[in-house]
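Enquirer:
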Amino acid sequence: MTPLHFLLALLSGAVAGVLGGLFGIGGGIFLVPVLSIGFGLPMHQAIAASIVAVIATSSATASVYVDKGMSNIRLGMSLEVMTTIGAVLGGLAANELAGDALKKIFAVFLLCMGALMWWRSRTHGEGVIRVDPAASIHGSYYDEAEQRVVEYSVRKLGAGMLVSFFAGNMSGLLGVGGGIIKVPVMNMVCGVPIKASTATSNLMIGVTAVASAFIFFLHGNVHPFYTAAAVLGVLGGSRVGTMLGAKIKGTTLIALFIVVIFATALRMFF
């Protein structure tokens, strides 16, 4: 690994960290294609590096969101039980599949998530936010952009846990952190505001990644230099992402996010 490659991997990790911290998705959805296509890293090693970087993203952002009261810790731990089980099974499956098969799976996964993000943006993102006294989990936080306290109740927790198992499975299988699924599900299905969904996802993705990271390590798929470069970049970028989240409108970022997803998916598939 040359110094130039290390620097480029560092910058790639920083970009992934910014987007991961901003959207609560861990950044793996961008980092895996960059490492695989841009640096020619074998797919299993790219996924392993991404999973370790997701742990770094969560470590850097979760404390910030928890300190601001935006993360719903009770909801996060409830969903994380099923997510962790799915992540372990996904990690085991990933090391039994060929790299080309993983690329195809990842491409199809990106296309589905791009369509989901587009649909979410068309339906105004926030969904129906309400307070239900009968709900088992409630939450509130201060929205800096709107300068008001937002209160909400979590609904359809069972459906959220079921989808969390699938999110964890995709995290272990593809190294994407699972947040790309959990954020829209918490928002659209469970009725959690988008900012609280993002903050809670950042809290969860690190635990999910740890569950599958040791499997890739035991199979010798953790490339020390590319992983170190990606993690260093992610640590800095994710902090920037959390600061931008309170100040920048999400419409432009979501539109760019969808374009990048589709472009990456097509490039990886073909």
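One point on numbering: in this note's numbering, the residue at position 177 of the sequence shown is 176, and numbering is uninterrupted. In this text, a Cβ means the ideal position worked out from N, Cα and C, and glycines have one as well. Note that the structure is a prediction, hence the values are computed from the model and not measured.
(1) Nearest-angstrom Cα distance between H4 and F38?
(2) State buried or exposed for E145, treating a residue as buried only when at least 16 other CB atoms are found within 10 Å of its CB.
(3) Which one or two residues does DSSP pair with E150 in a beta bridge?
(4) Between which two residues does the alpha helix (DSSP H) harbouring I50 extend?
(5) Looking only at C-alpha atoms, which of Y151, A114, D142 sits nearest to P132?
(6) What separation, rounded to the nearest whole angstrom, lies between the Cα atoms of G138 and A210?
(7) Short check: CB of I54 to CB of A212, under 8 Å?
(8) Secondary structure at D99, three-state DSSP: helix, strand or coil?
(9) DSSP on S11, reduced to helix/strand/coil?
(10) So T199 is in the alpha helix (DSSP H); what residue range does that whole segment cover?
(11) With a cut-off of 8 Å, do at least 3 Cβ pairs link the segment 68 to 82 to the segment 255 to 262?
(12) Here's the rule I'm using: 16 or more other beta-carbon atoms within 10 Å means buried, otherwise exposed. How should P32 be labelled?
(13) Using 8 Å for Cβ pairs, my map puts G159 next to M187. What's the rounded Cβ distance?
(14) DSSP three-state label for A262, please.
(15) So which of D99, P192, I50, F22 has the shortest CA-CA distance to V230?
(16) Measuring CA to CA, which of L234, G178, A208, F215 is closest to F22?
(17) Going by CA-CA distance only, name the one from S200, P223, T1 that's closest to S170.
(18) For A93, which residues from the same chain have a beta carbon less than 6 Å from its beta carbon, with the 5 sequence-adjacent residues on both sides left out?
Expert: In brief:
(1) Looking at the two C-alpha atoms, the distance is approximately 8 Å.
(2) The residue is exposed, with fewer than 16 neighbouring Cβ atoms inside 10 Å.
(3) Assignment of beta-bridge partners to E150 by DSSP yields S139.
(4) It spans 42 to 66 - the alpha helix (DSSP H) in which I50 sits, taken as one unbroken run.
(5) The residue with the shortest Cα to Cα distance from P132 is Y151.
(6) Straight across, the Cα-Cα distance linking G138 with A210 is about 27 Å.
(7) It is a contact, given that the beta carbons lie within the stated cut-off.
(8) Of the three classes helix, strand and coil, the one that applies to D99 here is helix, per DSSP.
(9) It is helical.
(10) Following the DSSP letters along the chain, one finds T199 inside the alpha helix (DSSP H) bounded by residues 193 to 217.
(11) Not touching, per the Cβ criterion.
(12) So P32 ends up on the buried side.
(13) With 8 Å as the limit, G159 and M187 do not qualify as a contact, their Cβ atoms being about 10 Å apart.
(14) Taken through DSSP and simplified to helix, strand or coil, A262 comes out as helix.
(15) That would be I50, whose Cα lies nearest to the Cα of V230.
(16) Considering only alpha carbons, the answer is G178.
(17) The shortest Cα separation from S170 among S200, P223, T1 belongs to S200.
(18) The beta carbon of A93 sits closer than 6 Å to the beta carbons of L172 from its chain, once the five residues preceding and following it are set aside; these are given in chain order.
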